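All you need for the numbering used here is the position in the sequence shown, starting with 1, plus 994. Where is the CB? At the ideal position from N, CA and C, for every residue including glycine. Keep in mind it's a predicted model, so treat the numbers as computed, not measured.
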Amino acid sequence: MTLKSIFIFNTILLLMTACYNNPLDVDASKIQVGTKYINMDSVFVNADSVSFLEAHNSFLKEINEIYSYELGYCLGIRSIKDTTVFNGIKQFVSDPYIQRVENEIAKQFSDLSPTRKAITGALKRLKYHFPEGKIPNYVVFMNSLFSSNAFATEKEIGIGLERYLGYKTSVIQELPADQFFDWIKEGMDKRYLERDAICSWVMTHYVKDVDGNLAENMVRWGKILYLVNAAFPDEDPSLIMRYSVEDYKWATENEYALWKYLVDEKLLFKIDEKVNANMLREGPFTVGLPEKGPDRLGQFIGYRMILKYMEIKKISLKELIEMPYTEIIVEYEID
């Protein structure tokens, strides 16, 4: 091979590499976020009355919203008097079933440092794209008594660890089938934990809620999922969608048929709460579409819209979240 040939080959290789670079794979290592982590669940299980009082006063001051939600909504403890709260929590953790749940949490989440690292890295990448964007003061690990996966308040993210113990775990299998359907239990997968935490924060603090037609809501969800993708640039798109690999493959293979259905049925610009719920909310499948397909196919189409739009426009994420849905939908073409 001549020197000229080597030069041409290397140039082509560089161009090919550039084409395959992930624009979301940014270096955010120097970004500082300052988020702190609290394992509230561990405190409840292990604290005596003295150490609990100290934690109780700290929680009231630092994570009041999540603490009040945990006590009042999850555990049904209405009074915040110290002795009443402590006795109520001890009664909760002494329940035989809860003890087995806590043992499973202790086993599966004995080391939360990888989770903390993943969430902190994701928050750094969000901060990279949104220097003035809001970042949680605390991430709180808890046992929500199966009330919540991950949710965001004004200043914190709460994560119900019991909701990530895995479908095949005995304590999950024992949940009443008339309240926790199989599709709900199947979603209690540890691999979604960090994704859910960031998704809850993004949808609460970064992408505005809308009260419009299906297309507008689909694009909103597409923006949310794209920001989650930006927070986890190396993750498979199936995880970003909270799908199995098989479900994501089914959705991509049927993308054109899904879009045609929305157009033919004139659903895109329809303002109908039931239509939005059918296409966007969690369930065993997407209502109105083949039951062998996954749920939330409206979210999926919205995500695909944003992926294709960003391939074409290459704008910043700050510009993206302000972009009207009408500007995005006109660029959507299915290969």
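Residues that residue i bridges to, as DSSP identifies them
i, result
"I1153", "F1135, A1144"
"I1032", "V1134"
Cβ-based burial, residue i [other Cβ within 10 Å; buried from 16]
i, result
"L1009", "Because L1009 carries a pLDDT of 44, less than 50, the predicted location of this residue cannot be relied on, and no value is offered for it."
"E1096", "buried"
"F1175", "exposed"
"T1320", "exposed"
"L1007", "Reliability of the predicted coordinates at L1007 is poor, the pLDDT of 46 falling under 50, and the value obtained from them is presented with this limitation in mind. Per the 10 Å Cβ criterion, exposed."
"Q1293", "buried"
"G1284", "The sequence shown places Pro at residue 1284, not Gly. Exposed, since its Cβ has fewer than 16 Cβ neighbours within 10 Å."
"I1000", "Model confidence at I1000 stands at a pLDDT of 44, short of 50, so the residue's coordinates are unreliable; what they give is reported in the following sentence. Label assigned to I1000: exposed."
"S1138", "buried"
"A1271", "exposed"
"I1113", "buried"
"G1282", "exposed"
"P1170", "exposed"
"C1013", "Any reading at C1013 needs caution, since the residue's pLDDT is 45, under 50, leaving its predicted position unreliable; the model's value is listed next. Exposed: under 16 other Cβ atoms inside 10 Å."
"K1286", "exposed"
"V1196", "buried"
"E1156", "buried"
"S1194", "buried"
Pick from the options that is closest to residue i, judged by C-alpha positions
i, options, result
"S1107", "A1146, Y1031, F1086", "Y1031"
"M1136", "D1035, L1261, R1110", "D1035"
"V1263", "G1206, A1225, F1294", "The question names Val, yet the displayed sequence has Phe at residue 1263. Taking only the C-alpha atoms, the option nearest F1263 is G1206."
"A1225", "L1117, K1024, N1033, Y1061", "L1117"
"M1304", "P1284, Y1326, I1099, Q1293", "Y1326"
"K1202", "R1189, L1283, G1216", "G1216"
"K1111", "V1133, R1094, E1098, E1126", "V1133"
"P1090", "S1062, E1168, I1060, I1153", "E1168"
"E1188", "A1146, V1204, K1254", "A1146"
"H1199", "K1162, A1245, I1151", "I1151"
"A1209", "V1044, E1259, P1017", "E1259"
"E1148", "I1309, G1127, I1218, R1094", "G1127"
"A1100", "N1033, V1079, D1042", "N1033"
"Y1255", "V1269, G1115, I1025", "V1269"
"L1339", "S1310, V1324, Y1242", "Shown here, the chain extends from 995 to 1329; a query on residue 1339 therefore has no answer."
"S1043", "I1060, N1058, K1084, I1057", "K1084"
"N1016", "E1059, S1238, D1230, G1282", "D1230"
"K1162", "W1177, G1277, I1153", "W1177"
"V1037", "F1086, L1120, K1024", "F1086"
"Y1186", "I1218, I1153, Q1173, L1018", "I1153"
"E1276", "V1257, D1266, L1301, M1182", "M1182"
"A1041", "N1081, W1244, D1228", "N1081"
"V1079", "F1046, Q1173, P1288", "F1046"
"A1022", "T1109, E1267, P1227", "P1227"
"I1218", "V1239, N1131, L1274, K1024", "L1274"
"E1180", "S1104, S1238, K1024, L1120", "S1238"
"Y1240", "L1261, E1267, D1289", "Reading the sequence as shown, one finds Glu at residue 1240 and not Tyr. Comparing Cα-Cα distances from E1240 to each of L1261, E1267, D1289, the minimum goes to D1289."
"I1057", "L1018, K1024, L1120, N1131", "N1131"
Inter-residue CB distance, residue i and residue j (contact presumed, cutoff 8 Å)
i, j, result
"V1213", "I1322", "5 Å"
"Y1122", "V1020", "5 Å"
"I1192", "T1029", "With a Cβ gap of about 11 Å, I1192 and T1029 do not count as contacting."
"Y1158", "K1184", "5 Å"
"V1222", "N1211", "That pair is no contact at about 17 Å."
"R1094", "V1165", "5 Å"
"L1054", "Y1061", "6 Å"
"L1312", "F1124", "A quick correction: the sequence has Lys, not Leu, at residue 1312. Confirmed, Cβ separation roughly 6 Å."
Cβ-heavy atom distance, residue i to the ligand ADP, below 7 Å
i, result
"M1212", "What this structure holds is no ligand at all, so the ligand ADP is not there to describe."
Subject >> Contact the stretch 1058-1069 vs the stretch 1134-1143: 3+ CB pairs below 8 Å >> reply: Yes: at least three Cβ pairs fall under 8 Å.
Original post:
Contact between the stretch 1314-1321 and the stretch 1243-1253: three or more CB pairs below 8 Å?
Top reply: no
Original post:
Is there contact between the stretch 1215-1234 and the stretch 1297-1312, where contact requires at least three CB pairs shorter than 8 Å?
Top reply: The stretch 1297-1312 and the stretch 1215-1234 touch, with three or more beta-carbon pairs separated by less than 8 Å.
Subject >> Segment contact flag, the stretch 1041-1055 with the stretch 1070-1083, C-beta cutoff 8 Å, min 3 pairs >> reply: The answer is yes - the stretch 1070-1083 touches the stretch 1041-1055, with three or more Cβ pairs under 8 Å.
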